[in-house]
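Data first, discussion second: the structure below is written as structure tokens.
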Amino acid sequence: MSLLRSIRLAALLIALCAATGGAIAVAYGHGTVVPSGAGKTVARASVTEASVLHVVAHPDDDLFFMNPDLSRSVRAGTKVTTAYLTSGESDGRNEARGRHLKDPVQPADRASYAEARQNGIRGAYAQMATGDRTSPWVRKSLPTAGGGFAQVDVLVAKPQINLVWLQLREARSISGENPDSLRGLWDGKTAALGAQLTSGTPVKQSFSYTKDQVVRTVAQVLERYKPTTIRLQDPTPGVSEESGGTFIDHQDHMYGARFIQAATERYARSTDRPHFSVQNYSGYHNTSLPSTLDPRTAEEKLRYLETYAWVDHQDWCGSPAGCGDRKTAARPAGYRWSESIRYSRGDSTSWMAEGASGRLWAFAVLDGRMAYWSRSAPGAKWQGPELLPGTGMDTGATAARLPDGRIAVFGTRTTLGATAQDYGRDIVYSLQASPNGAFGPWQTLGTPEVTDAAGTSAISGPSVAVDRTGRISVYVRDSKRTLRARAQAAPNGSFGAWQALGGAGLQGEPATAIDAAGRRHVYVATGTTVLAWIQQTPDSPLEGPLPTELPPTTVPLSVSPEGEGVRLFFRGPGSGVVRTTLATAGTPGPGLSPVAEAGGRAGYGAVSVAGPLLAGRGSAGTVSTADMTSAAGTVRTPDVASAAGSVSNAGTGGSPVWSESRMLYSGAPAGLVEAAGPASMAVLGLDADLHVTTRPAVTVRPDAPSPRSMWHRAVRD
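Quick note: the UniProt record's numbering has the sequence shown finishing at residue 717, numbered continuously throughout.
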């Protein structure tokens, strides 16, 4: 195909895509949902019109740290754009110098090496979208709001797939001080950061950006593509005490994400846009944690990385610069990065609560503000989203009900500030003035972090427990990987000072629940097990950290009250299979039932529970549900050998049947059993809309087929 023909075809397809609003990904389940009192009106299965924008520091950050979410979005036909802040030019030598690959030493040519990385990225995206890495692209130069130029690549066969290259200079060091970097620009140690143009770019004019110009340029990218989901790296990965306080992630990842935060805040002030949510991803930290992906998914992810890395060394692209990143060819899996995907925020499954008179409340952060949806009773229409005042809210929300039916919503908030030293994060909450009433202003609980001078502010999202008297306790993992807490001295009273509850190597967000006896339970994963903090009686102090001798998990934990204890849900490393155990208060540690596998295909991310319903992300990235009372029987109960042991495959009984939809979503599901009986689940779709499913409150025989439901948009036109 000639270049002129390719350009004409791309223009035609782009116009068609724009006219139709982009690709449509359909989410469906089995059966239909007819709300009570709604006559013969049938709720249609969710139709998700999403636009997903990834913004990363380097070519390959998306493939290493955002896949398989990336490939699942591409495969679903979603409108997908990825923007790269830097050229990733490194030392300019495109050579594999690993143990088995020893390419000839090359002279430094940063423009050529950066071009080779672009070629590898285009090949990987073409492979994800069409199955053919040679599928052609159209490349063009566009002026930016920052006074420079961006390169935009459009995949001819799938014009909803775009790549945007800002081509700024990279730091050329993981953590070393270098003023000519995103970090130096953010910290004010350089006035402007120059471009590193690739050898084959259509951008011909060199340029540089000030800090504000970078923010304006990225905001322009957001305005151009109008994403409903923005995926970015972790702006606060924390530091490693063992290595003298150095970052646990690449400085470009961290400071690049802060630039995206600032650009997102600017973009949120515009009015000509849809609602959007944000998802943050962990980077280098995945090396030290258990693998989250099953072997088949990890192998698929590795194939795209091998295309990018130009492992076969064949000249499939016809570029003098080379067809991929030969540095990566020495280790295409990275440092076990191909085996995992992990969200650095938004793993809480406690963002839905039931208030007074059976009203449900669901919360999520949209446009940098806390949003809520509500539904007055089972079968009634959902209303929303309504946005609470106040900006800067981070991904994730936790909701709790007080004894009088009022709802409190908690989250974390990032303050960018006028200078780099002003950057920080605090924990905030908003409380209803009366049951089902309006939410009051945000109140802050501050942070256990004293300063962000070391690049921390790496606190987790909060976990919240409300005891039988109405006292609120808030738990958070701090940047030193220990557990911290603030609690009210009395119901409706002020909060005391931050308490240090200990623990070491804590990962993810705490999970908490109160059992039927009124005892608080708090659980947090480490890289090798799970630690517990438990009250022996409702009025006694919280004891811990207590060993559980549970095997390693993939980190996200969910916990739900069950009788005299609480039930934990988590995933097994290297398989993603859902596991569960019942924990009860005991001495010297909690009593645990044998770990059981909840069947189904592998998946990743947090799992939510609502009575007999489970929901989580399946291996295809879509929301998957299981009914524990299904005809397949009860969960398997294999043996657990020891704290570091594994769960065997042998067991008795059947496993619940998992039903996988085709709907991709952001964050984690939330669920609860309503007072009137139904079990409801909710997710935030990639379209930034709330989607729900409900299991009717009916009694079935253990051997009878379970009632079937389907995911549908909560607020329907």
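We treat Cβ as the ideally placed atom computed from N, Cα and C, and that holds for glycine.
Since the structure is predicted, the reported quantities are computational estimates derived from the model, not experimental observations.
Taking C-beta separations shorter than 6 Å and ignoring five residues to either side along the sequence, the partners of Leu142 in its chain run Ala150 and Val152, following chain order. Between the alpha carbons of Pro237 and Ser181 lies a distance of about 18 Å. Using a 10 angstroms sphere on the CB of Val595, the tally of other CB atoms reaches 16 or more, which defines it as buried. DSSP links Pro143 through a beta bridge to Phe149. Considering only Thr229, Tyr225 and Trp186, the residue with the shortest C-alpha distance to Gln213 is Trp186. In the displayed model, His691 falls within a strand according to three-state DSSP.
Bounds of any beta strand (DSSP E) do not take in Arg269, whose DSSP letter is neither H nor E. Residue burial annotation: Pro59 is buried, with at least 16 other C-beta atoms found within 10 angstroms of its C-beta. Put simply, of Asn178, Thr287 and Gln106 the residue whose alpha carbon is nearest the alpha carbon of Asp249 is Thr287.
By the criterion of a C-beta distance shorter than 8 Å, Gly470 is surrounded in its chain by Leu402, Pro403, Asp404, Pro491 and Asn492, once the five residues flanking it on both sides are discounted.
For Thr217, the uninterrupted alpha helix (DSSP H) segment begins and ends at Lys211 to Tyr225. Its chain contains Leu182, Arg183 and Trp186 as the residues whose beta carbon lies nearer than 6 Å to that of Tyr255, once the 5 sequence neighbours on both sides are disregarded; these appear in chain order. Val164 is positioned such that its CB atom lies closer than 7 Å to that of Val221. With respect to Leu193, Leu168 sits close: the two C-beta atoms are nearer than 7 Å. Here the alpha carbons of Val409 and Gly440 stand approximately 10 Å from one another.
Within the DSSP bridge table, the entry for Met393 names Arg413 as partners. Within the DSSP bridge table, the entry for Ser666 names Leu684 as partners. In this structure, Leu690 lies away from Ala679, with their beta-carbon atoms at least 7 Å apart. Within the region 101-144, the runs of alpha helix (DSSP H) at least 4 residues long that lie entirely inside it are, in chain order, 110-130. For Gly667, the CB contacts under 6 Å within the same chain, skipping 5 residues up- and downstream, are Gly346 and Leu684 in chain order. Taking C-beta separations shorter than 8 Å and ignoring five residues to either side along the sequence, the partners of Asn178 in its chain run Ala171, Arg172 and Gly184, following chain order.
No Cβ-Cβ contact shorter than 7 Å links Ser277 with Leu387. The beta carbon of Thr201 is closer than 6 Å to those of Gln151 in its chain, skipping five residues each way along the sequence. The shortest CA-to-CA distance from Glu306 to any of Arg571, Ser593 and Phe64 is the one to Phe64.
With a 10 Å radius around the Cβ and a threshold of 16 neighbouring Cβ atoms, Glu354 comes out buried.
In the three-state scheme derived from DSSP, where H, G and I count as helix and E and B as strand, Asn286 is classed as helix. Using a Cβ distance threshold of 7 Å, Gly618 and Gly599 do not count as a contacting pair.
In the three-state DSSP reduction, Leu506 falls in the coil class, being neither helix nor strand.
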